[in-house]
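S.K.:
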Amino acid sequence: MKGRKILAAAITLGMTAGVIFGASVNASADYSVSELQVNIWDNNQREGLQQIADEWTKESGVKVQINVVDWDNYWTLLEAGASGGQMPDVFWMHSNTAQLYMENDLLLNLDDYIAADDAIDLSKYYEGVVQLYNSNGVQYALPKDHDTIALLYNKAIFDKYGVEYPTDDWTWEDMLAAAKTITEAGAADGIYGYAINTSNNQDGWYNIIYDYGAQVITDDHKGTTIGSDEGKAAMEMMRQLLEVGAPQTTVAETGTDSLFQSGLTAMITQGSWMINSFYTSENASDYAWAMLPYHDANGNGACDEGERYSAYNGLGWAASYNTADPDAAYSLISWFCSEEQQKKQAELGVTMGGMKGVSEDFANAFPGMDVSAFTRAEEEGDLFFRPYTRNTTVWEDALQQAGAFLDPWQNPSDPELMAQACDNAQTIIENAIANE
Amino acid sequence: MKKMTPTEKSEAKWGLLFVAPTIIGLLVLNLYPIVNTIYQSFCKTGDFGRGNTFVGFANYQKVLTSPETWQALWNTVKYALIEVPFGVVIALILAVLLNKKIGGRSVYRTIFFLPMVCAPAAVAMVWKWLYNTQFGLLNNVFHTKVAWISDPKIAWISIGAIGVWSIIGYNMVLFIGGLQEIPGDYYEAADIDGASGLRQFFSITVPLLSPTTFFIVQTRIIGALTIFDLMFMVMDKTNVALPKVQSIVYLFYQYAFTNGNKGYGATLVVVLLVFIMLLTWILQQAEKKLVYHN
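From first to last, the protein sequence lines are chains A and B. Under our numbering, the residue at position 207 of the first sequence is numbered 207, and the numbers go up by one with no gaps. Under our numbering, the residue at position 188 of the second sequence is numbered 624, and the numbers go up by one with no gaps.
If you want it as structure tokens, here you go:
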């Protein structure tokens, strides 16, 4: 009884306080709304972003409610919201869908706001990300971040089988040799050298394709060279890696992340957006990052320009076209993308910035874990933007399934199957683009 | 038509008023979407529900000539062939046993009903790990290495088993309700005539329970044919067995929501709707012959 009374008193007090502060805040605010709804899909980032948003709330008096919806449902929900005119005020955009949303005028046109805003200078951000969110000369979102890919390995497994750790000088052949040794030695313990699923595209096999000189989507977003000789050579390398890696049924059922975190896989490739989940794992002290291996195309024994690629992508902060208070929504976006908060985002280890030159601190955000491989990937290697077209998911999903790369993934011992899959992929992408 | 008295009129008015919430709900939440879906199935739908262009039967031509559709329909039927018969027979046996006065009866009833109150997504997640080839409980207990959900030959059975497990409790409760409506006199008379328990079951219980059985079979067939969540939750998109397991509604989800092709998705569900309607009509015809009415 007593406990309940105290609870009731506390609630009453809280509500009263809310009313008082709410009222006082509203009185001084320039905005017509008292709260903005923000949707994101990555729970790892919620805490850091809320912290940044709370700072904005102190200045604006507008509360920020960040809702996390998982990736698949995020898009289902956003599309339903867009069709019904009920989108959140501010939300993330992604290369897979941006074109669709921009062309249908579902995002707030930010041009006038940017022109009037001293804090935002578009030339300071990654060009690929800025361009991505620009349609017919109109800017619909500001770059939130960018990500790169690196190789994640488990030192304990390498030690156990006496294999040398991955280095920055590794070629894909070196990785293949190490993966082979570990898989063969670890067969009795059920340990694999490497694991990759067909769905590990941006963070996996796309990178090899660019290293070998082919492109999943050409620069004009109208074609692909995945079925070219270079593309086939790249996927032949992938096939050999698959031969010594975890079988496809295993990665499809258990997932590469779970395999790695259970100490059953020595190496996986991962995007920088996943660092936090490995940093907070049980055996994080065994984990280390290296740059992705490269392809020594000219055979001079060193990594030259164009031989080591990492995919990069960047999310955008966008606002709904019919948000109740566009000024407030833009103000929040501008806050997230301002230099100071971009630095803070990197410092807090949320992600690397969408602005160039603000991410040095990101490498220090994870004491005890060296994540500089992600920043070095762009300093010492080349970046390519995550391949996208107007309706990316149509071909991207098809590539992961039977009729495309799932077949060679199932039977990696057959080189013909992989070459055939590259030809199929070429057709799938071309047909999808033709239908867009 | 007979004229209504003022009392009847007033009653009719109030009656309508009271069922209005349900009628409005049905119109807005069921009828409107049905009509809209049928309309969309004749359209090349634009993004975000804008700019639909009428294309006649083009979607139907594509859907009906695609082997994927027929495979998915067959997958769905296979799922129903497991879920409905096993779900009904096992539930019936349990209901008969739990209708007797045995100790801990309500405990057993609760246990069998529990799967029904679990969130389907949670159920699917747990089964997904039970079935895991390398680390799953099933393979570890039996010391086998069966790819329960990755082998196209058995994955559909594994998925069906989850369906049976989930639905038994619900069917059982309905059966118990039906059993309690059968007068005890019949069994007493049969006892006196010296009929065995088994004979009583087949000569009294089964025929007198047939209206309940028919209701369950019919609703479960419809339920099973619209299955989606189990496949969606248990099987990864890159699972090699998926093409041999994915249901029509799964295919619909893939096209309508993942690929954003609402028209094609709408066509798929209209095809399913027609299929279910046909099946229901056949069942209704069969009812006259199979169901015993007092």
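For glycine and all other residues, C-beta sits at the position ideal for the given N, C-alpha and C.
Which of the three DSSP states, helix, strand or coil, is assigned to A/ILE226?
M.R.: Coil at A/ILE226, not helix or strand.
S.K.: Does the contact criterion of 3 or more C-beta pairs under 8 Å hold for the segment 472–484 of chain B versus the segment 93–110 of chain A?
M.R.: The segment 472–484 of chain B, when compared against the segment 93–110 of chain A, does touch it at the 8 Å Cβ threshold.
S.K.: Does the beta carbon of A/ASN197 come closer than 7 Å to any beta carbon on chain B?
M.R.: At least one chain B Cβ lies under 7 Å of A/ASN197.
S.K.: On the DSSP letters alone, give me the boundaries of the alpha helix (DSSP H) that A/GLN270 sits inside.
M.R.: Not the alpha helix (DSSP H): A/GLN270 falls in the beta strand (DSSP E), residues 265–271.
S.K.: Whole beta strand (DSSP E) runs in the segment 44–117 of chain A with 3 or more residues, listed along the chain?
M.R.: Listed in chain order, they are 63–68, 90–93.
S.K.: According to DSSP, simplified to helix, strand and coil, what is B/MET561?
M.R.: In the structure shown, B/MET561 sits in a helix (DSSP, three-state: H, G or I).
S.K.: Could you check what DSSP says for A/LEU142 in three-state terms: helix, strand or coil?
M.R.: A/LEU142 falls in the strand class under three-state DSSP.
S.K.: According to the neighbour-count rule (16 or more other Cβ atoms, all chains shown, within 10 Å of its Cβ), is A/CYS422 buried or exposed?
M.R.: Under this definition A/CYS422 is a buried residue.
S.K.: I want to verify the contact list: residues of chain B whose CB lies under 8 Å from the CB of A/ASP397, in sequence order.
M.R.: Under the 8 Å cutoff, chain B gives LYS673, GLN690, THR694, ASN695.
S.K.: Could you give the residue range of the beta strand (DSSP E) that holds A/ILE149?
M.R.: Where A/ILE149 is concerned, the enclosing beta strand (DSSP E) stretches over 149–154.
S.K.: Going by beta-carbon coordinates alone, are A/LEU176 and A/PRO166 separated by less than 7 Å?
M.R.: Contact: no.
S.K.: Report back the beta-carbon spacing between A/GLY354 and A/LYS58 to the nearest angstrom; my notes put them in contact at under 8 Å.
M.R.: Their Cβ separation, rounded to whole angstroms, is 23 Å, which puts A/GLY354 and A/LYS58 out of contact at 8 Å.
S.K.: DSSP three-state call for A/MET352: helix, strand or coil?
M.R.: Three-state result, A/MET352: strand.
S.K.: According to a CB-to-CB cut-off of less than 9 Å, which residues of the segment 496–528 of chain B neighbour chain A?
M.R.: Residues: none.
S.K.: Taking the alpha carbon of A/ASN207 as the point to measure from, which residue in A/SER228, A/THR224, A/ALA234, A/ASN197 has its own alpha carbon closest?
M.R.: The residue with the shortest Cα to Cα distance from A/ASN207 is A/ALA234.
S.K.: With a threshold of 8 Å, are at least 3 pairs of Cβ atoms found where one atom belongs to the segment 703–716 of chain B and the other to the segment 624–631 of chain B?
M.R.: The segment 703–716 of chain B is not in contact with the segment 624–631 of chain B.
S.K.: I'd like the span of the alpha helix (DSSP H) that includes B/TYR623, first residue to last.
M.R.: Counting along the chain, the alpha helix (DSSP H) containing B/TYR623 begins and ends at 620–628.
S.K.: If we ignore side chains and look at the alpha-carbon of each, how far apart do A/ASP189 and A/VAL163 end up?
M.R.: Distance between the alpha carbons of A/ASP189 and A/VAL163 is about 16 Å.
S.K.: Between the C-alpha atoms of B/PHE638 and B/GLU519, what's the straight-line distance to the nearest angstrom?
M.R.: Those two C-alpha atoms are separated by around 23 Å.
S.K.: If B/LEU666 and B/PHE611 are in contact, beta carbons under 8 Å, what's the gap, nearest whole angstrom?
M.R.: Contact doesn't hold; Cβ gap of about 23 Å is too wide.
S.K.: To the nearest angstrom, report how far apart A/GLU347 and A/ARG46 are at their CA atoms.
M.R.: In a straight line, the C-alpha of A/GLU347 is about 15 Å away from that of A/ARG46.
S.K.: For the segment 376–392 of chain A, list every residue whose C-beta sits within 9 Å of some C-beta in chain B, in sequence order.
M.R.: Flagged, chain order: ASN391.
S.K.: Can you list the beta strand (DSSP E) stretches of 3 or more residues lying completely in the segment 256–331 of chain A, in chain order?
M.R.: Runs of the beta strand (DSSP E) inside the segment 256–331 of chain A: 265–271, 287–290, 309–312, 316–319.
S.K.: Can you pull the DSSP bridge partners for A/TYR192?
M.R.: Paired residues: A/THR265.
S.K.: Closest Cβ-Cβ distance between B/ASN568 and chain A: below 7 Å?
M.R.: So, interface residue.
S.K.: Buried or exposed for B/LEU465, please, with buried defined as at least 16 other CB atoms from any protein chain shown within 10 angstroms of its CB.
M.R.: By the 10 Å Cβ count, B/LEU465 comes out exposed.
S.K.: On the three-state DSSP scale, how would you describe A/VAL38?
M.R.: DSSP places A/VAL38 in strand when its eight states are reduced to three.
S.K.: Report the rounded CA-to-CA distance for B/ALA516 versus B/VAL705, giving the unit in angstroms.
M.R.: Straight-line Cα distance between these residues: approximately 17 Å.
S.K.: Given this structure, state the Cα-to-Cα distance separating B/GLN690 from A/LEU264, to the nearest angstrom.
M.R.: Cα-Cα distance, rounded: 32 Å.
S.K.: Please report how far the alpha carbon of A/THR250 lies from the alpha carbon of B/THR569, in whole angstroms.
M.R.: If you take the alpha carbons of A/THR250 and B/THR569, they lie about 7 Å apart.
S.K.: Output needed for B/TYR475: all residues of its chain with C-beta closer than 7 Å, excluding positions within five of it in sequence on either side, in chain order.
M.R.: Nothing listed; no residue qualifies.
S.K.: Quick one: grab the DSSP three-state call for B/SER586.
M.R.: DSSP places B/SER586 in coil when its eight states are reduced to three.
S.K.: Give, in chain order, every residue of the segment 471–491 of chain B whose Cβ lies closer than 8 Å to some Cβ of chain A.
M.R.: Of all residues in the segment 471–491 of chain B, ASP483, PHE484, GLY485, ARG486 have a Cβ within less than 8 Å of some Cβ in chain A.
S.K.: CA-CA distance, A/GLN401 and A/THR389?
M.R.: Distance between the alpha carbons of A/GLN401 and A/THR389: 19 Å.
S.K.: Could you check the C-alpha separation between B/SER446 and B/ILE459 for me, to the nearest Å?
M.R.: In a straight line, the C-alpha of B/SER446 is about 19 Å away from that of B/ILE459.
S.K.: Where A/GLY22 and A/SER60 are concerned, what is the direct C-alpha to C-alpha distance, given to the nearest angstrom?
M.R.: Unreliable positioning characterises A/GLY22 in this predicted model, as indicated by a pLDDT of 42, which lies under 50. The coordinate reading is nonetheless provided below. One C-alpha to the other measures close to 12 Å.
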